[in-house]
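Heads up: the structure comes next, in structure tokens.
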Amino acid sequence: MWATAGVTVLGFLGALEFAAHRYGMYGPVTGLAREAVLPPKSGFALYAGLALTMVVLTRRQRLLAAAATIGIDVVLFLLRWAAGVRLSDGHPFGSGALWVMLGCAVIAVRHRTGPERALLLKGVGLGLLLVAGRKTGDTWLLITSKTRPMVLDQYVATADHALGNPSWLVGRALTATGTVGAHALNYVYAQLAVAAVVVALYQLRRVAAERRFPRHHLVRTFLVIGLLGPAIYMIFPVVGPLYAYGAGNEHWASAHLWPPSPPTLPWAVADLWPDVPTPIGSPHPIPFDGITPRNCMPSLHTAWATAIFIHSRKAPRILRWAGTFWLIATLCATLGFGYHYGADLVAGVVFTVTIEAALRSLDRGWDPAGLRMVAHGTAVFAALLASYRFVPVQMAEHPWAAGPLLLLAMASVVAAYVRTTTRWDADPEPAPALPPTLEPAPANTAS
Numbered sequence: 002m003w004a005t006a007g008v009t010v011l012g013f014l015g016a017l018e019f020a021a022h023r024y025g026m027y028g029p030v031t032g033l034a035r036e037a038v039l040p041p042k043s044g045f046a047l048y049a050g051l052a053l054t055m056v057v058l059t060r061r062q063r064l065l066a067a068a069a070t071i072g073i074d075v076v077l078f079l080l081r082w083a084a085g086v087r088l089s090d091g092h093p094f095g096s097g098a099l100w101v102m103l104g105c106a107v108i109a110v111r112h113r114t115g116p117e118r119a120l121l122l123k124g125v126g127l128g129l130l131l132v133a134g135r136k137t138g139d140t141w142l143l144i145t146s147k148t149r150p151m152v153l154d155q156y157v158a159t160a161d162h163a164l165g166n167p168s169w170l171v172g173r174a175l176t177a178t179g180t181v182g183a184h185a186l187n188y189v190y191a192q193l194a195v196a197a198v199v200v201a202l203y204q205l206r207r208v209a210a211e212r213r214f215p216r217h218h219l220v221r222t223f224l225v226i227g228l229l230g231p232a233i234y235m236i237f238p239v240v241g242p243l244y245a246y247g248a249g250n251e252h253w254a255s256a257h258l259w260p261p262s263p264p265t266l267p268w269a270v271a272d273l274w275p276d277v278p279t280p281i282g283s284p285h286p287i288p289f290d291g292i293t294p295r296n297c298m299p300s301l302h303t304a305w306a307t308a309i310f311i312h313s314r315k316a317p318r319i320l321r322w323a324g325t326f327w328l329i330a331t332l333c334a335t336l337g338f339g340y341h342y343g344a345d346l347v348a349g350v351v352f353t354v355t356i357e358a359a360l361r362s363l364d365r366g367w368d369p370a371g372l373r374m375v376a377h378g379t380a381v382f383a384a385l386l387a388s389y390r391f392v393p394v395q396m397a398e399h400p401w402a403a404g405p406l407l408l409l410a411m412a413s414v415v416a417a418y419v420r421t422t423t424r425w426d427a428d429p430e431p432a433p434a435l436p437p438t439l440e441p442a443p444a445n446t447a448s
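Per this note's numbering, the very first residue in the sequence shown carries number 2; after that it's consecutive.
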């Protein structure tokens, strides 16, 4: 199974690498190779990946790995400084973590055998997949902007009237907080993967002692969300209210959140966000630039934050509170920065709960309750996308009916998940069937 999964991942990364080079950009593999030498875009993500790898190491091995990481980062920092490499495009640390993860892979192949080799390679794979997942996401976003010239923002913005245009409401509130509020939410939004690693480390805390991984943990859900989500982007391309109905990143220029980027206001329908809600009209696809990602439907930040919330429910109180905080703060950030419509968030919650149910059902052997749960979530998710696309005007004209129906549909999936998983947690997992006992053949008594 692990060999098949490895071949599939390598094939997927190879396809994305080819697609990225076709558009003159670095793919996920090339991007990782560059970060072994040049300043990485996210040193925190690389350190988080190393932390996942270290769950399979002993305490002494962890200390050695941490010391090696810091030492390599210091040496690379000095070499970059001496060579005049600019650090403005990345972080001064993080490459050492990548070198140590690759070193662990070499040690596993050359100096480990049997289950110990497999365990160490799984740890390395987990860490590298987290880092590669981020690079894969960047490549996917590039592909959406190049292959989907038309976006469906008018449909989602119209449907969002049923929810009260929450992005406009939260956007005005966040703008009023000024630089402090914007920077605080931007930090929460940007470090979502680090929060996930904290919860995952708690779930994987016994791997070094038990010499095996638990059957299900947060990293699996995180990776599957990142793998499947961009496929929906290709089906339902949306850029978000900040870009389709606002001034783009220039709206937050006074907060100095991001480096300057090409203006998107010339492509916007109108400069309305976050002050004036969109008028209800006849929506149609609109052209947009070839740079801005079409990464709104569903909201994967909402999906990942929901996964963190779910997996932190059985953790100590401090992690449960942290999971709740990260979910609420992420919802506020996605709406407040104008990255998403409210409809995107509803779809993101349903998307995550369905994936989580599917992964747990896979572990249990697809019992009837799991099949019903996954079918229910899939049907609701498809119905949400269809309603946003084909009846947004009717939704906007009848918000007191459409809005509660959207929330009830989402709540029905959440309730079904809670009911099903509570039953699974209460009932012991069925033991594998034992082969039937071979009865001795009756003796032949015929004379």
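Every residue gets a Cβ at the ideal spot worked out from N, C-alpha and C, and that includes glycine. Predicted model, so just to flag it, every value in this text is computed and none were measured.
- Task: Run through the segment 6-53 for me and flag every whole alpha helix (DSSP H) of 4 or more residues, listed as ranges in chain order.
- Result: 29-36
Next on the checklist: Please identify the residue among Leu224, Asn250, Val270, Trp274 whose C-alpha is closest to the C-alpha of Pro263.
Outcome noted: Stepping through the sequence shown from its first residue, residue 263 is reached at position 262. The shortest Cα separation from Pro263 among Leu224, Asn250, Val270, Trp274 belongs to Asn250.
Euclidean distance between Cα positions of Val56 and Lys42: Counting from one through the sequence shown, the residue named residue 56 turns up at place 55. Counting from one through the sequence shown, the residue named residue 42 turns up at place 41. Near 24 angstroms, if we compare the C-alpha coordinates of Lys42 and Val56.
- Message: Once DSSP output is grouped into helix, strand and coil, what is the label at Ile287?
- Response: Looking up residue 287 in the sequence shown gives position 286. Three-state result, Ile287: strand.
* To do: Under 8 angstroms by Cβ, that's how I've got Val354 and Val415 pegged, so tell me the actual separation to the nearest angstrom.
  => If you number the sequence shown from 1, residue 354 lands on position 353. If you number the sequence shown from 1, residue 415 lands on position 414. Contact holds; Cβ gap of about 6 angstroms.
Review point. Do Trp274 and Leu243 have their C-beta atoms closer together than 8 angstroms?
Key: Taking the sequence shown and counting its residues from 1, the one referred to as residue 274 is at position 273. Taking the sequence shown and counting its residues from 1, the one referred to as residue 243 is at position 242. Yes, Cβ-Cβ distance for Trp274 and Leu243 is below 8 angstroms.
- Determine the closest residue to Ile287 out of Ala84, Val239, Arg314, Trp253, with distance taken between C-alpha atoms. Position 286 of the sequence shown, counting from 1, holds the residue named residue 287. Considering only alpha carbons, the answer is Val239.
Please classify Tyr48 as buried or exposed, where buried requires at least 16 other C-beta atoms within 10 Å of its C-beta. Here residue 48 refers to the residue found at position 47 when the sequence shown is read from its first residue. Its Cβ being crowded by 16 or more others within 10 Å, Tyr48 is buried.
Per DSSP, cross-strand counterpart(s) of Val152: Mapped onto the sequence shown, residue 152 falls at position 151. Paired residue(s): Ile287.
Express the C-alpha separation of Ala334 and Phe237 in angstroms, rounding to a whole number.
-> Counted from its first residue, the sequence shown places residue 237 at position 236. Counted from its first residue, the sequence shown places residue 334 at position 333. C-alpha separation (whole angstroms): 22 angstroms.
- request: Please report how far the alpha carbon of Gly366 lies from the alpha carbon of Asp161, in whole angstroms.
  value: Your numbering for residue 366 matches position 365 in the sequence shown. Your numbering for residue 161 matches position 160 in the sequence shown. One C-alpha to the other measures close to 39 angstroms.
Among Arg111, Ala37, Arg135, Leu363, which residue has its Cα nearest to the Cα of Arg216?
Here residue 216 refers to the residue found at position 215 when the sequence shown is read from its first residue. The residue with the shortest Cα to Cα distance from Arg216 is Leu363.
Report task. Using only alpha-carbon positions, find the residue among Ala370, Ala256, Phe382, His341 that is nearest to Asn166. Result -> Here residue 166 corresponds to residue number 165 of the sequence shown, with the count starting at 1. The residue with the shortest Cα to Cα distance from Asn166 is His341.
Following the continuous alpha helix (DSSP H) through Leu170, name the residue where it begins and the one where it ends. Numbered from 1 along the sequence shown, position 169 holds the residue referred to as residue 170. Residues 167-191.
Does the distance from the C-beta atom of Ala98 to that of Thr70 stay below 8 angstroms?
Your numbering for residue 98 matches position 97 in the sequence shown. Your numbering for residue 70 matches position 69 in the sequence shown. It is a contact, given that the beta carbons lie within the stated cut-off.
Item to complete: Determine, using beta carbons only, whether Pro393 and Pro284 come nearer to each other than 8 angstroms.
Response: For the purposes of this step, residue 393 is identified with residue 392 of the sequence shown, where counting begins at 1. For the purposes of this step, residue 284 is identified with residue 283 of the sequence shown, where counting begins at 1. A contact, by the Cβ cut-off of 8 angstroms.
Q) Excluding the five sequence neighbours on either side, which residues of its own chain have a C-beta within less than 8 angstroms of the C-beta of Leu219, listed in chain order? A) Residue mapping note: residue 219 aligns to position 218 of the sequence shown, counting from 1. Cβ neighbours of Leu219 beyond the five flanking positions: Ala197, Val200, Ala201, Gln204, Ala308, Ile309, His312.
task: For Ala308, name the three-state secondary structure that DSSP assigns.
output: Locating residue 308 in the sequence shown gives position 307, counting from the first residue. Residue state, collapsed to three classes: helix.
Thr279 - containing alpha helix (DSSP H), residue span: In the sequence shown, the residue the question calls residue 279 occupies position 278. Segment: none, Thr279 is in no alpha helix (DSSP H) and carries neither H nor E.
Next on the checklist: Let me check understanding here. Comparing Cα to Cα, which of Asp368, Ser388, Ala106 lies closest to Thr159?
Outcome noted: Here the question's residue 159 lines up with position 158 in the sequence shown. When only C-alpha atoms are compared, the closest one is Ser388.
Evaluate Val76 with the Cβ neighbour count: other Cβ atoms within 10 Å of its Cβ, from every protein chain shown; 16 or more gives buried, anything less gives exposed.
The count along the sequence shown starts at 1 and reaches residue 76 at position 75. By the neighbour-count rule (16 or more Cβ atoms within 10 Å), Val76 is not buried but exposed.
So, Thr422 versus Arg295, is the Cβ gap smaller than 8 angstroms?
-> Stepping through the sequence shown from its first residue, residue 422 is reached at position 421. Stepping through the sequence shown from its first residue, residue 295 is reached at position 294. It is not a contact, given that the beta carbons lie outside the stated cut-off.
**Prompt:** Just checking my contact of Met102 with Leu129 at CB under 8 angstroms: how many whole Å lie between their CB atoms?
**Reply:** Here residue 102 refers to the residue found at position 101 when the sequence shown is read from its first residue. Here residue 129 refers to the residue found at position 128 when the sequence shown is read from its first residue. So it is a contact: roughly 6 angstroms between Cβ atoms.
Requested in this report: Let me know if Arg149 comes out buried or exposed under the rule of 16 or more other beta-carbons within 10 Å of its beta-carbon.
Outcome: As a position in the sequence shown, residue 149 is number 148, starting the count at 1. Buried, because 16 or more other Cβ atoms sit within 10 Å of the Cβ of Arg149.
Legend entry - Where the alpha helix (DSSP H) through Ala376 begins and ends: Locating residue 376 in the sequence shown gives position 375, where the first residue counts as 1. Taken as a continuous stretch (DSSP letters only), the alpha helix (DSSP H) holding Ala376 covers 369-391.
Please identify the residue among Leu332, Phe338, Glu398, Ala304 whose C-alpha is closest to the C-alpha of Phe382. As a working note, residue 382 is residue 381 in the sequence shown. Here the closest residue by C-alpha is Ala304.
TODO: Please say whether Ala163 and Met396 have beta carbons closer to each other than 8 angstroms?
DONE: What you label residue 396 is simply residue 395 of the sequence shown in a count that begins at 1. What you label residue 163 is simply residue 162 of the sequence shown in a count that begins at 1. Against a cut-off of 8 angstroms, the Cβ pair of Ala163 and Met396 comes out as a contact.
request  = Would you kindly work out how many angstroms separate the C-alpha atoms of Tyr493 and Phe352, rounded to a whole number?
outcome  = Residue 493 falls outside the range modelled here, since the chain spans only 2 to 448, and no answer is possible.
For the alpha helix (DSSP H) that contains Cys333, what are its first and last residues?
In the sequence shown, counting from the first residue as 1, residue 333 sits at position 332. From DSSP, the alpha helix (DSSP H) with Cys333 extends over 318-337.
Using the Cβ count rule (16 or more neighbours within 10 Å means buried), how would you classify His302? Here the question's residue 302 lines up with position 301 in the sequence shown. Under this definition His302 is a buried residue.
Coil, strand or helix - Gly124 by DSSP: Locating residue 124 in the sequence shown gives position 123, counting from the first residue. Three-state DSSP puts Gly124 in a helix.
Original post:
Closer than 7 angstroms: is that where the CB of Val239 sits relative to any heavy atom of the ligand NAP?
Top reply: As far as ligands go, the structure on display features none, and thus does not contain the ligand NAP.
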